[in-house]
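Undergrad: Residue numbers (this note's numbering): 1 to 236.
Think of the CB as a built atom: it goes at the ideal place given N, C-alpha and C, for glycine as much as any other residue.
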Amino acid sequence: MSNSIQKNLNHVLELIKNAEEKSERTPASVKLVAVSKFHSVEEIIKVIQEGQNTFGENRVQEAVEKFSEIKKLGYNPDLHIIGTLQRNKVKDAVKISNCIESVDRIPLMEEIEKQCSKINKTIDILFEYHTGEDSKSGFKDKESLFEALELCNRGVFPHIKPKGFMTMAPFTSDKEKIRYAFKVLKDVASLAKQKFKNLSLTELSMGMSGDFEIAIEEGSTMVRIGTAIFGERIYN
Ligand SMILES: *Cc1c(COP(=O)(O)O)cnc(C)c1O
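Laid out in structure tokens, this is it:
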């Protein structure tokens, strides 16, 4: 088992590299976020020891427990929060993470700003955008997203550094539907970049275990991969 996590990781890195080549993307332009939710500290450390430095967790409480232990053991990986974030979890979330990928509403940004200013920290965020019919999360339309971007543009949130966009494709085996979702995100991102030239909106976080190769073809700069590295999650 332990050996297979390392093998899986290296296999995923190889597939990412192949997908970059196939779609004539710059080598190493796609960053891997290893999604470790439901997996143990021991498993995460194996992946760190293979050289992987960025992890994703979707539940703040679980992330706090595991990543404080990992830090105590002397490792200091980057952590992205990728799941829907409740306001009362923001305080812990900004303490332990480097990036919140799942920013989906303005009140959440207000809370992130408040908590970051208290601890004098600037945090990266991505705007989650709704592109898939059966996912509930994310900004629902361009207007609400651009409203949030406009606030950043005006300097309302000095402790928040917007870096780009995130989406989850629909859960389907229909590759064209998945590809369409990624294209929607890319189009919204390019509109946003034209409109908000002072913001550095370079990141497109899209692609998971089942669809990251399509995402890379469509311009992803960050893939969030759990199952293909750690194996199936056991929910209990
Ligand atoms: C769990 C999760 C992933 C990883 O999914 P896999 O299919 O296991 O690769 C990616 N993004 C988000 C937002 C997730 O919650």
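(1) Could you tell me whether the segment 97-104 touches the segment 175-183, where touching means 3 or more Cβ pairs closer than 8 Å?
(2) For aspartate 187 and tyrosine 129, I'd like the C-alpha separation in whole angstroms.
(3) Rounded to whole angstroms, how far is the Cβ of methionine 206 from the Cβ of serine 220, which I believe are closer than 8 Å?
(4) Could you compute how far the alpha carbon of arginine 224 sits from the alpha carbon of leucine 204?
(5) Quick check: the Cα distance between valine 156 and glutamine 6, rounded to an integer number of angstroms?
(6) In terms of DSSP beta bridges, what is valine 33 paired with?
(7) Using the Cα positions of glutamate 50 and phenylalanine 212, report the straight-line distance between them to the nearest angstrom.
(8) With DSSP run on the structure shown, which of helix, strand or coil describes valine 64?
(9) Straight-line CA distance for glutamate 62 to proline 77?
(10) Mind checking alanine 19: buried by the 16 CB within 10 Å criterion, or exposed?
(11) Could you spell out the range, first to last residue, of the beta strand (DSSP E) harbouring proline 162?
(12) Helix, strand or coil, according to DSSP, for phenylalanine 212 in the structure here?
(13) Just to confirm my understanding: we take glutamate 69, look at its own chain, exclude 5 residues before and 5 after, and list those with CB closer than 6 Å. What are they?
(14) Tell me whether phenylalanine 230 is buried or exposed, calling it buried when 16 or more other Cβ atoms sit within 10 Å of its Cβ.
(15) To the nearest angstrom, how far is it from the Cα of methionine 1 to the Cα of leucine 145?
TA: The short version:
(1) no
(2) Mapped onto the sequence shown, residue 187 falls at position 187. Mapped onto the sequence shown, residue 129 falls at position 129. Taking the straight line joining both Cα atoms gives about 11 Å.
(3) Within the sequence shown, residue 206 is the residue found at index 206, counting from 1. Within the sequence shown, residue 220 is the residue found at index 220, counting from 1. Confirmed, about 5 Å.
(4) The residue you call residue 224 lines up with position 224 of the sequence shown. The residue you call residue 204 lines up with position 204 of the sequence shown. Taking C-alpha positions only, arginine 224 is separated from leucine 204 by approximately 11 Å.
(5) As a working note, residue 156 is residue 156 in the sequence shown. As a working note, residue 6 is residue 6 in the sequence shown. Spanning the two alpha carbons is a distance of roughly 43 Å.
(6) What you label residue 33 is simply residue 33 of the sequence shown in a count that begins at 1. Arg224, per the DSSP bridge assignment.
(7) In the sequence shown, residue 50 corresponds to position 50, counting from 1. In the sequence shown, residue 212 corresponds to position 212, counting from 1. So the alpha carbons of these two residues sit roughly 21 Å apart.
(8) In the sequence shown, residue 64 corresponds to position 64, counting from 1. Three-state result, valine 64: helix.
(9) Here the question's residue 62 lines up with position 62 in the sequence shown. Here the question's residue 77 lines up with position 77 in the sequence shown. Looking at the two C-alpha atoms, the distance is approximately 16 Å.
(10) Stepping through the sequence shown from its first residue, residue 19 is reached at position 19. Alanine 19 should be labelled buried.
(11) The residue you call residue 162 lines up with position 162 of the sequence shown. Note, proline 162: beta strand (DSSP E), 160-166.
(12) If you number the sequence shown from 1, residue 212 lands on position 212. Phenylalanine 212 falls in the helix class under three-state DSSP.
(13) Translated into positions along the sequence shown, residue 69 becomes position 69. Excluding residues within five positions, the ones whose Cβ falls inside 6 Å are Val41.
(14) Counted from its first residue, the sequence shown places residue 230 at position 230. Per the 10 Å Cβ criterion, buried.
(15) Here the question's residue 1 lines up with position 1 in the sequence shown. Here the question's residue 145 lines up with position 145 in the sequence shown. Confidence is the limiting factor: at methionine 1 the pLDDT is only 48, short of 50, which leaves the residue's position unreliable and the question unanswerable from this model.
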